Amino acid sequence: MQKTEKTSSATQKAFEALAARLAVETGSMFGMSVLKAKGKAFTGIFGDALVFKLTGVTHATALGLKGAALFDPSGAGRPMKEWVVVPKAHAKSWDGFADAAFAYVGSK
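In this note's numbering, each residue's number is its place in the sequence shown (first place is 1) plus 15.
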(Lines of atoms letter the chains of each structure in order from A; the text may use other names.)
(Lines give C-alpha, C1' and ligand atoms only; values in the text may rest on other atoms or scores of the structure.)
Protein backbone atom coordinates (compact mmCIF):
# COMPACT_ATOMS: atom_id res chain seq x y z
CA MET A 16 0.00 0.00 0.00
CA GLN A 17 1.40 3.38 -0.95
CA LYS A 18 1.96 6.00 1.73
CA THR A 19 -0.65 8.70 1.99
CA GLU A 20 -1.06 12.01 3.73
CA LYS A 21 -3.07 12.02 6.91
CA THR A 22 -6.74 12.75 6.31
CA SER A 23 -7.67 16.27 7.41
CA SER A 24 -10.86 16.90 9.34
CA ALA A 25 -12.17 18.94 6.38
CA THR A 26 -11.71 15.99 4.00
CA GLN A 27 -13.30 13.59 6.49
CA LYS A 28 -16.28 15.92 6.90
CA ALA A 29 -16.67 16.26 3.12
CA PHE A 30 -16.66 12.47 2.78
CA GLU A 31 -19.25 12.08 5.54
CA ALA A 32 -21.41 14.79 3.95
CA LEU A 33 -21.35 12.90 0.64
CA ALA A 34 -22.45 9.71 2.41
CA ALA A 35 -25.34 11.54 4.07
CA ARG A 36 -26.42 13.46 0.96
CA LEU A 37 -26.41 10.38 -1.27
CA ALA A 38 -27.88 8.15 1.48
CA VAL A 39 -25.50 5.31 0.69
CA GLU A 40 -23.81 2.61 2.71
CA THR A 41 -20.19 2.83 3.77
CA GLY A 42 -17.56 0.13 3.81
CA SER A 43 -13.89 -0.55 3.36
CA MET A 44 -11.74 -1.39 0.32
CA PHE A 45 -7.93 -1.42 0.09
CA GLY A 46 -7.80 -0.18 3.68
CA MET A 47 -9.76 2.99 2.90
CA SER A 48 -13.31 4.00 3.78
CA VAL A 49 -15.61 3.88 0.76
CA LEU A 50 -19.15 4.77 -0.25
CA LYS A 51 -21.16 2.00 -1.90
CA ALA A 52 -24.16 1.81 -4.21
CA LYS A 53 -25.76 -1.59 -4.71
CA GLY A 54 -22.81 -3.06 -2.80
CA LYS A 55 -20.26 -1.59 -5.22
CA ALA A 56 -17.72 1.05 -4.15
CA PHE A 57 -17.79 4.31 -6.09
CA THR A 58 -15.97 6.85 -3.89
CA GLY A 59 -13.23 6.47 -1.30
CA ILE A 60 -11.17 8.58 1.05
CA PHE A 61 -7.45 8.16 0.50
CA GLY A 62 -5.21 10.31 2.64
CA ASP A 63 -6.29 13.89 2.10
CA ALA A 64 -7.91 13.17 -1.28
CA LEU A 65 -11.00 11.42 -2.55
CA VAL A 66 -10.99 8.74 -5.22
CA PHE A 67 -13.83 8.22 -7.66
CA LYS A 68 -14.81 5.42 -10.04
CA LEU A 69 -15.46 7.30 -13.27
CA THR A 70 -15.86 6.76 -16.98
CA GLY A 71 -15.93 8.74 -20.21
CA VAL A 72 -15.68 12.52 -20.25
CA THR A 73 -16.00 12.80 -16.47
CA HIS A 74 -13.02 10.45 -16.05
CA ALA A 75 -10.96 12.53 -18.49
CA THR A 76 -11.99 15.76 -16.76
CA ALA A 77 -10.99 14.46 -13.33
CA LEU A 78 -7.70 13.06 -14.60
CA GLY A 79 -6.92 16.42 -16.23
CA LEU A 80 -6.96 18.25 -12.89
CA LYS A 81 -3.60 19.33 -11.49
CA GLY A 82 -2.38 16.68 -9.05
CA ALA A 83 -4.99 14.09 -10.06
CA ALA A 84 -3.84 10.59 -10.96
CA LEU A 85 -5.10 7.09 -11.52
CA PHE A 86 -5.52 5.30 -8.20
CA ASP A 87 -2.71 2.83 -7.52
CA PRO A 88 -3.56 1.25 -4.15
CA SER A 89 -0.48 -0.98 -4.15
CA GLY A 90 1.91 1.79 -5.13
CA ALA A 91 3.55 -0.75 -7.43
CA GLY A 92 2.74 0.85 -10.77
CA ARG A 93 -0.54 -1.02 -11.30
CA PRO A 94 -3.18 1.73 -11.28
CA MET A 95 -6.87 0.97 -11.48
CA LYS A 96 -8.07 2.29 -14.84
CA GLU A 97 -11.44 3.66 -13.75
CA TRP A 98 -10.43 5.14 -10.39
CA VAL A 99 -9.10 8.71 -10.19
CA VAL A 100 -7.53 10.35 -7.13
CA VAL A 101 -8.75 13.95 -6.90
CA PRO A 102 -6.68 15.99 -4.43
CA LYS A 103 -8.08 18.29 -1.77
CA ALA A 104 -7.07 21.30 -3.89
CA HIS A 105 -10.09 20.40 -6.06
CA ALA A 106 -12.52 19.75 -3.19
CA LYS A 107 -15.14 21.97 -4.85
CA SER A 108 -15.31 19.33 -7.61
CA TRP A 109 -15.86 16.40 -5.27
CA ASP A 110 -19.68 16.61 -5.19
CA GLY A 111 -19.94 16.48 -8.97
CA PHE A 112 -17.49 13.60 -9.28
CA ALA A 113 -19.28 11.70 -6.50
CA ASP A 114 -22.60 12.19 -8.30
CA ALA A 115 -21.09 10.91 -11.56
CA ALA A 116 -19.46 7.93 -9.84
CA PHE A 117 -22.71 7.10 -8.03
CA ALA A 118 -24.65 7.23 -11.30
CA TYR A 119 -22.01 5.12 -13.07
CA VAL A 120 -21.92 2.36 -10.46
CA GLY A 121 -25.68 2.51 -9.91
CA SER A 122 -26.30 1.97 -13.62
CA LYS A 123 -24.45 -1.36 -13.66
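From the three backbone atoms N, C-alpha and C, an ideal C-beta is built for every residue, glycine too. All values derive from a computational prediction rather than experimental measurement.
> Just how far apart, CA to CA, sit F86 and A38?
Replying inline: Working through the sequence shown from its first residue, we reach residue 86 at position 71. Working through the sequence shown from its first residue, we reach residue 38 at position 23. One C-alpha to the other measures close to 25 Å.
>> Can you list, in chain order, the residues of its chain with a C-beta nearer than 6 Å to that of F117? Leave out the 5 residues immediately preceding and following it.
In response: On the sequence shown, position 102 is the one that residue 117 refers to. Correct list, in chain order: L37, A52, F57.
>> Just to confirm the assignment: which complete beta strand (DSSP E) runs, minimum length 3, are found wholly within the segment 29-91?
In response: 40-44, 47-52, 55-61, 64-68, 84-86
> DSSP on K21, reduced to helix/strand/coil?
Replying inline: To locate residue 21, count along the sequence shown from 1; it is residue 6. DSSP places K21 in coil when its eight states are reduced to three.
> Is the Cβ of R36 closer than 9 Å to any Cβ of chain C?
Replying inline: The chain labelled as chain C is not found in the depicted structure, where only one protein chain is given.
> Name the DSSP bridge partner or partners of W98?
Replying inline: Stepping through the sequence shown from its first residue, residue 98 is reached at position 83. W98 pairs with K68.
> Mind checking whether M95 and P102 have CB atoms under 9 Å apart?
Replying inline: The residue you call residue 95 lines up with position 80 of the sequence shown. The residue you call residue 102 lines up with position 87 of the sequence shown. No.
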